[in-house]
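Asker:
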Amino acid sequence: MQIVMIGAGYVGLVSGACFSDFGHNVICVDKDEDRIAALRQARIPIFEPGLADLVERNVRAGRLSFTADASSAVPGADVVFLAVGTPSRRGDGFADLSFIYAAVREIVPLMAENGVIATKSTVPVGTGDEIERIVRELRPEASIAVVSNPEFLREGAAIDDFKRPDRIVIGTDDACARAVMGEVYRPLYLNAAPLVFVSRPTAEVIKYAANAFLATKITFINEIADLCEQVGANVSDVARGIGLDKRIGPKFLHAGPGYGGSCFPKDTLALVKSANDHGVAMRVVEAVVAVNDQRKRAMARKVVTACGGSVRGKRIAVLGLTFKPNTDDMREAPSLSIIRALQDGGAIVHAHDPEGESQARELLSDVTYFADAYSCAEGADAIVIVTEWEAFRALDLARLRTLLHTPVLVDLRNVYPPDEVKRHGFTYVGIGRPTDMAPYGQIDEGMGIAAE
Ligand code: UDX
């Protein structure tokens, strides 16, 4: 099959490389000439484990190529995937679809008579209808089909998620397009991935509903964690105790500093807005958005409390900046809110992240960066684990104890057993489990966090 991927960003690059690995011929198209030039030299602009090898292997095999010129790629394509960005529009939270529509207007005149457009970008319900309207306007005589094919890739595990998905959702009522999409995903049958054929709006809703549900699950367990702190219960055990119920399931019940990333914050907001547009109030999801936003900043209060009520003039060593491990992505990362709140309270912030430093430098000011956890911790009044990188799971606590000015460990991902940390002479504060410290409590809006 001949596949064209419009947008060589995160989703387009991973999907394109994986399709080519399955033997399809794939051309990735991106307007960004520098990005294309880099990719042609096998330089990958994002950090994703395994992606560089995958790209290199398939470029060498002649199945994967890159171009900035859609007109050279699109005419021969059986399927043109749209994998361009749909950021939150500044001000109103609606998904910004201008990249999608611009791409559609560019590719449709170039496409084969019976080509298929498949939207991978996350778009509000009804976007497929609007794309179809543009197609009919530009090519009234052609039988180009418009399909919704949402992705469910997690950053850091995207290649595995692509190759061994829980399901593949294909939204179209067009029989020919179903057959073509079935052929595109045929190599995945071997991995027993169910193909879920639904209508186009159904597929669009599935994507938003899946992300909103996962965000809700996380936010729910985070609130349960707050309760656990008040009553001396252990949220990890609660998560296990409820997760063994097959109707609930064990995943996405890890309490932490709140979800971040390029998807959950943007998609929950876009779901609320587009539902409102159709006269439907998404009150549960609205609450999730609000609770999660407050939570990120509220995590700073935990640090303040652990430091004896004030961080003014104190050095805080933050370990992990990215919104989760195995990515360099800083978008909506809890670390951003936490660090800014700590700085508002007068803290001097030291930080280390295995991959996120260069993005962090653009988003945060007055932070000193270190190459590893130990140099970061030197002379600090507290260590705060914000992201659970593997490298932070087996830190030498005895060594840290000697490096720190004050032995305080605030573990926002519950990486460490409290008893072990305390045995090394630390004050330990985790999430939703019995600790040394009083819980962080409520925070006023627009707070100066330190209660001085
Ligand atoms: C998510 C979805 O999982 C994926 O299907 C969708 O296509 C894109 O959005 P991603 O944003 O890469 O993927 O990350 P994910 O692993 O889902 O984590 C999102 C956030 O939730 C992270 O900040 C993570 O730390 C947090 N999280 C996740 C928790 O706090 N607790 C959990 O139990 C799980």
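Read in order, the letters of the sequence shown are residues 486 to 937 in our numbering. Even for Gly, the Cβ is constructed at its ideal location relative to N, Cα and C.
1) Since I believe Gly492 is in contact with Ala568 (beta carbons under 8 Å), could you give me their beta-carbon distance rounded to a whole number of angstroms?
2) So who's on the other strand from Arg800, going by DSSP bridges?
3) Can you tell which of Ala862, Glu873, Ala688, Pro572 has its C-alpha closest to the C-alpha of Glu840?
4) Name the two residues that bound the continuous alpha helix (DSSP H) containing Asp778.
5) Could you say which of Val540, Asp752, Leu888 lies nearest to Ile644 if we only look at CA atoms?
6) Using three-state DSSP, classify Thr704 as helix, strand or coil.
7) For the structure I just gave you, are there three or more beta carbon pairs, one from the region 583 to 597 and one from the region 544 to 554, closer than 8 Å?
8) With 16 as the cutoff for other CB atoms within 10 Å, does Gln927 come out buried or exposed?
9) Rank Ala678, Leu536, Pro625, Pro572 by C-alpha distance to the C-alpha of Gly641 and give the top, closest one.
10) Pick out whichever of Val769, Ala766, Leu827 has its Cα sitting closest to the Cα of Ser795.
11) Compare the C-alpha of Val608 against each of Asp658, Ala858, Asp659, Asn634 and name the closest.
12) Could you tell me which residues DSSP puts in a beta bridge with Leu567?
13) Under 9 Å between the Cβ atoms of Val489 and Ile512?
14) Does the count of Cβ pairs from the region 880 to 894 and the region 903 to 913 closer than 8 Å reach three?
15) Using 10 angstroms around the beta-carbon of His509, count the other beta-carbons present and answer buried if the total reaches 16, otherwise exposed.
16) In the DSSP output, what is Asp896 paired with across the bridge?
17) For the structure I just gave you, are there three or more beta carbon pairs, one from the region 743 to 762 and one from the region 567 to 584, closer than 8 Å?
18) For Pro819, is the beta carbon positioned less than 8 Å from some heavy atom of ligand 1?
19) So Thr753 and Val770 are in contact, right, with Cβ under 8 Å, and what is the actual spacing, rounded?
20) Contact between the region 675 to 694 and the region 716 to 726 is defined here as three or more beta-carbon pairs at a separation below 8 Å; is this criterion met?
21) For Thr853, I'd like the list of residues in its chain whose CB is within less than 6 Å of its CB, leaving aside the five on either flank, ordered along the chain.
22) Between Glu533, Asp651, Tyr744, Gln715, which lies nearest to Ala818 when the distance is taken from Cα to Cα?
23) Given the structure, does Asp838 come close to ligand 1, in the sense that its CB is under 8 Å from one of the ligand's heavy atoms?
24) Within 10 Å of its beta-carbon, does Asp896 have 16 or more other beta-carbons around it, so buried, or fewer, so exposed?
25) Near Ala527, what residues of its chain come up, given a Cβ to Cβ distance below 8 Å and the 5 sequence neighbours on each side ignored?
26) Tell me whether Phe647, by its Cβ, gets closer than 8 Å to a heavy atom of ligand 1.
27) Taking 8 Å as the cut-off, is the C-beta of Thr701 nearer than that to any heavy atom in ligand 1?
28) Quick one, are the C-beta atoms of Val681 and Ile655 less than 9 Å apart?
29) If we count the other Cβ atoms within 10 Å of its Cβ and call it buried at 16 or more, is Ala802 buried or exposed?
30) Compare the beta carbon distance of Ser822 and Phe808 with 9 Å and say whether it is the shorter of the two.
31) Please find out if some non-hydrogen atom of ligand 1 comes closer than 8 Å to the beta-carbon of Glu640.
32) Any chance the CB of Pro572 is under 8 Å from a heavy atom of ligand 1?
33) Would you decide whether Val716 is buried or exposed? Buried here means 16 or more other CB atoms lie within 10 Å of its CB.
34) Could you pull out every unbroken beta strand (DSSP E) segment of at least 3 residues lying fully inside the region 611 to 684, listed in chain order?
35) Secondary structure at Phe967, three-state DSSP: helix, strand or coil?
Answerer: Considering the structure as presented:
1) 4 Å
2) Ile833
3) Glu873
4) 768 to 791
5) Val540
6) helix
7) no
8) Because Gln927 sits at a pLDDT of 36, beneath the cut-off of 50, its placement in the model cannot be relied upon, and the point is left open.
9) Leu536
10) Leu827
11) Asn634
12) Ile491, Thr604
13) yes
14) yes
15) buried
16) Ile870
17) yes
18) yes
19) 5 Å
20) no
21) His835
22) Tyr744
23) no
24) buried
25) Ala537, Val540, Glu541, Val544
26) no
27) no
28) yes
29) buried
30) no
31) yes
32) no
33) exposed
34) 630 to 633, 653 to 656, 680 to 683
35) Past the boundaries of the shown model lies residue 967; the chain is included only from 486 to 937, so the question cannot be answered.
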